[in-house]
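Taking the working numbering, the leading residue of the sequence shown gets 418, the next gets one more, and so forth.
Working notes for the structure below.
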Amino acid sequence: MKETGISRLVALEKNAGLKRIGEKILNKERISFEDGVLLFEQGSLSFLGALANWVREDKHGDKTYFNRNFHIEPTNVCVFSCKFCAYSKLYANREEGWELSIDQMMHIVKSYDGKPVTEVHIVGGVHPKMDMDFFTNLLRSIKAHRPELHIKAFTPVELDYMFRKAKLSITEGMRLAHEAGLDSLPGGGAEIFHPDIRTQICEDKVDADGWLAIHQAAHELGMHSNATLLYGHVEQYWHRVDHMERLRQLQDKTGGFNTFIPLKFRNKDNDMSHVAESSIIEDLKMYAVSRLYLDNFPHIKAYWPMLGRQSAQLTLNFGVNDIDGTIDDTTKIYSMAGSEEQSPSMSTADLVTLIKQVNRQPVERGTLYNEIRDYSHIAITEIESNPLLN
Ligand code: V47
Ligand code: SF4
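Structure (C-alpha cells):
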C-alpha cells in the first residue's frame, strides 16, 4: 500500500487505541506490550495486514527470500515428553524410533555433493546417547567434507541437555560447538516462554531463561540465530506478546537474531489432539502482529511445510518476507503432526513460481541473508532445465 493509502487507513480508523498504534507504526515508534495485545484482540485482519505489509515493504520491498538447504533429523528418540509432539518416541519404545550413526548422516550429506545447497539444518529429539562428543564429531566430519556448507543446528533443548551431561557451562559448550563447526542456531524449542503455558505443554525441557541464555551465548560468539513461537493451542494472546517481548529485549542487547518464525500448532497424533487448530484468519493475524511487534527483527518467515503452500503464499501480504527453503521429504516433525504437506519437498522452480504468483520478487539467500541470486527475471523453463538453478 502506498504511503498515502496507509496514512488514510490509519486516519479513518474508528477505534482510538488502534488508530494510535497505527500512528506509532507509521512514525516508526515502538509499540508497547498493551498495544500488542490490543492488536490481537481488536485489530481487524485488513487493518493488521495493511500495517504489517507496509512495514514489510518498507524493510524489504517485494523481496521474498528462500534458501536451498536440506535437513537431517539424527533421531526421533527423545527423553522429553512435550504434549504437542507427534514425533518423539520414548527411549523405551525404540522400535518406533530411528537413530542415525555419523556414517549414515555423512551419507546424507554426501548425497548432496555437486548440488547447489548452501545450508544443512540439523534438529531432532534428545537421545540420551547422542552426546557432545558425538555431535562435535558430526560437525567436524561435515566441515571436513564440505567446509563452505553452513551448519544451522541444534535447539537449546538439545544443547542444554548435551552441555549439562558433559558438565560444561553454556559459554564453554557453545564455544566448543562453534569451534567444531556449528555456524548458527535454528529457532526451535521456544514454544511459549511463559511458565503458565510452558508447564502445561512441555514442562520437562529447558525453560525460557535457559533458551534465551543459550541464544545470547551464541550471539556473543558472533553467531546468528532464529526464534520461533508455537501458537494456536492453549495460550492466550498476552502469552504470545510476552514471548515476543522477551525476544525483543534480547535482540536489543545482542542484535543476533535474524528471523522470527511463528509455528502453527498441528494436532494430529499427539497428546493435545483434542485442541482445535487455529483458523487461517488467526494464522495471518499472528504473522502480522509479529511483524509489527518485533521491530528489531529483520525477517519474518513462514515455514511452508507446516502451513501449506497456499497459506504460505497469503502470509507474504501479512508481514512475511521469507519462505524458508527447498527442503526435501526427510523432515518429519510436521508431517507426523498432521500438516497438509505429508512429503515436504519443493524444487527451486516450484518456490519461485509460488512467490511470483503473488507478485513478489524471489531471491535466493544464504543462511545469513547474503543474496545469492535474484530469480525475478529468470524464466521457469530455464530454471527447470538448469541443474545449477533448480
Ligand atoms: O520447537 C513440534 C515445533 C519445532 C509440533 O530456524 C510443532 O529456520 C506444530 O523450530 N505442531 C522445531 N509445531 C522446528 C523449528 C524450525 C522449523 C523450520 C525452520 C526453523 C529455522 C526452525 O517444531 C519445535 C516445535 O515448536 N513442533 N510439534 C506440532 N504438533
Ligand atoms: Fe522431544 Fe522436541 Fe518432541 Fe519435545 S518437541 S518431545 S524436545 S522431539
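Don't be surprised by glycine CBs; every beta carbon is placed ideally from N, CA and C.
Predicted model, so just to flag it, every value in this text is computed and none were measured.
Taking the CA atoms as reference points, glutamate 458 sits about 25 Å from glutamine 668. A distance below 6 Å between beta-carbons, with the five flanking residues on each side excluded, links phenylalanine 735 to the following residues of its chain, in chain order: Gly466, Ala469, Leu701, Tyr704, Ala705. Taking the Cα positions, arginine 663 is about 45 Å away from glutamate 799. Relative to the ligand V47, the beta carbon of alanine 583 is positioned no closer than 7 Å to any heavy atom. Fewer than three pairs of CB atoms, one per stretch, sit closer than 8 Å, so the stretch 583-591 makes no contact with the stretch 785-804. The Cβ atoms of tryptophan 471 and asparagine 493 do not sit closer than 8 Å to each other. DSSP, read as helix, strand or coil, puts asparagine 484 in strand. Scanning Leu462, His477, Phe501 for the CA closest to the CA of threonine 616 turns up Phe501.
In the DSSP assignment, no residue is bridged to glycine 725. Taking 8 Å as the cut-off, the beta carbon of histidine 650 is found closer than this to the beta carbon of isoleucine 618. For asparagine 643, the enclosing beta strand (DSSP E) has its first and last residue at 641-648.
Beta bridge pairing from DSSP links glutamine 730 with no other residue.
In this structure, cysteine 502 has its CB closer than 7 Å to one or more heavy atoms of the ligand V47. Per DSSP, reduced to three states, the secondary structure at arginine 790 is strand.
Under the three-state reduction of DSSP output, threonine 572 falls in the coil class, being neither helix nor strand. In this structure, isoleucine 631 and proline 545 do not form a Cβ contact; the two beta carbons are roughly 19 Å apart against a cut-off of 8 Å. Burial of proline 722 is indicated by the presence of at least 16 other C-beta atoms within 10 angstroms of its C-beta. Around the CB of aspartate 688, fewer than 16 other CB atoms lie within 10 Å, so the residue is classed as exposed. Put simply, the backbone Cα of aspartate 624 is about 7 Å away from that of phenylalanine 610.
The C-alpha of cysteine 495 is placed about 5 Å away from the C-alpha of serine 505.
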